[in-house]
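Residues in the sequence shown are numbered from 14 upward in steps of one, following the working numbering.
Here a beta-carbon is modelled for each residue, glycine too, at the ideal position from N, C-alpha and C.
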Amino acid sequence: MWWIASAQAWDQVGATWAPEDRPVEVWLGDVGDLPDSEVEAAAQAAMATWSDVDCADIDLVYAGRAPDAIHGSADGKNVLSVLSAAWAGEAALLSEPVIVRDGARMVEVDIALNDHDHAFVTSGADGLTTFDVQGGFTHELGHLLGLWHSTVADASLNPLLDGRPQATSLAEDDITGLCEIYAVGTGGLGEVCGEGPDCASGTCLADGADRYCTVTCPDDSCPDGYDCLDASGDQVCVKASDGGCGCRSASAPGSGALAAGFAVCWMRIRRRRVAAEVA
Ligand SMILES: [Zn+2]
């Protein structure tokens, strides 16, 4: 079941982006009275700040302008806006994320900066009478990613820094939070895995009772002990079957026994091909 909550009512992290929903596309909507290109640059810089975190398996992708998108509408687009007359939230708020989630799965997040009751600028903000667009977006994108507030003084997600120039860069605390949610897998080829994110390649192969990290083999070559086979439409390295199937070796022509052996081996590979699935 989907539900929508405003920031004020949702005080803990409870939803994240599923692997199949990544990278996350983010659009730029209404920019109010501010210079279009400067807000766009600030939005892209804020996205890059989060995407550049190496230990997290998630990226934000700038999808372009959506000037007619309405903040808070469940239209399938994650939209950043700077609202002047259109701001409908509380006057005291500097910004607001509207979060749509399906249980623990993030579905859509719209973000608006309150340029109606506060003065947002794209440069030179003092953080007292004027507020920074990039700082506001960076803080709010943390919420979009599933992080909530931090009490660490220099964290972008410290609510006291929302909309301040200091919020444009991430503190160790922000990075640690993101990487705990979207940990990059470290499993190498052949290591046991539960699902794709456990693996450095992002691909966990279910081969019968075995589940192990695999890699793709577009050039048809795999390390010793692995065959390049088709699993769910992807060419991946699959552990070679026990007993060393010789079916890929040249066989002597005219030998009935070898020809039969080839057929048996080939059928075994075909069965493995069907059984192996990418998890
Ligand atoms: Zn916040």
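Alpha carbons only, please: which of the options is nearest the one belonging to residue i?
i	options	result
residue 135	124, 129 and 148	148
residue 244	221, 236 and 237	221
residue 36	47, 63 and 53	63
residue 183	209, 253, 211 and 150	150
residue 74	105, 57 and 201	57
residue 248	238, 90, 229 and 240	229
residue 107	240, 165 and 124	124
residue 109	69, 155, 88 and 65	155
residue 129	205, 219, 121 and 105	105
residue 159	193, 52 and 78	193
residue 30	201, 242 and 196	196
residue 152	45, 46 and 60	60
residue 78	114, 33, 111 and 50	50
residue 238	253, 231 and 224	253
residue 185	200, 143, 165 and 102	165
residue 231	223, 241 and 224	241
residue 71	190, 205 and 41	190
residue 42	69, 81 and 214	81
residue 114	101, 34 and 224	34
residue 212	200, 219 and 218	200
Kindly indicate the opening and closing residues of the alpha helix (DSSP H) around residue i.
i	result
residue 52	49 to 64
Roughly how many whole angstroms lie between the Cα atoms of residue i and residue j?
i	j	result
residue 38	residue 251	33 angstroms
residue 28	residue 180	22 angstroms
residue 117	residue 140	34 angstroms
residue 48	residue 127	16 angstroms
residue 177	residue 145	5 angstroms
residue 103	residue 55	24 angstroms
residue 270	residue 236	Here residue 270 scores only 36 on pLDDT, less than 50, and its place in the model is too uncertain to base an answer on.
residue 87	residue 205	39 angstroms
residue 65	residue 157	16 angstroms
residue 210	residue 46	42 angstroms
residue 100	residue 32	33 angstroms
residue 172	residue 161	9 angstroms
Taking the continuous beta strand (DSSP E) assigned at residue i, which residues delimit it?
i	result
residue 94	92 to 96
residue 46	First-last for residue 46: undefined, no H or E at that position.
residue 248	247 to 252
residue 241	239 to 244
residue 38	37 to 41
Could you check how far apart the C-beta atoms of residue i and residue j are, in whole angstroms? I think they sit under 8 angstroms.
i	j	result
residue 226	residue 207	That pair is no contact at about 10 angstroms.
residue 84	residue 97	So it is not a contact: roughly 12 angstroms between Cβ atoms.
residue 170	residue 187	6 angstroms
residue 121	residue 91	6 angstroms
Any beta carbon of chain C sitting closer than 9 angstroms to that of residue i?
i	result
residue 146	Absent here is chain C; the protein component of the structure consists of one chain.
Discussion item. Ignoring anything shorter than 4 residues, give me the alpha helix (DSSP H) runs that lie fully in the stretch 181 to 230, in order along the chain.
Written reply: For the stretch 181 to 230, whole alpha helix (DSSP H) runs of length 4 or above, ordered along the chain, are 185 to 194.
Fill in: Whole beta strand (DSSP E) elements within the stretch 99 to 176, 3-residue minimum
Inside the stretch 99 to 176, DSSP marks whole beta strand (DSSP E) runs of 3 or more residues at positions 108 to 115, 118 to 127, 132 to 134 and 143 to 145, from first to last along the chain.
Worksheet entry | Complete beta strand (DSSP E) runs within the stretch 63 to 90 (minimum length 3 residues, chain order) | If we require 3 residues or more, the beta strand (DSSP E) runs fully inside the stretch 63 to 90 come out as 73 to 78.
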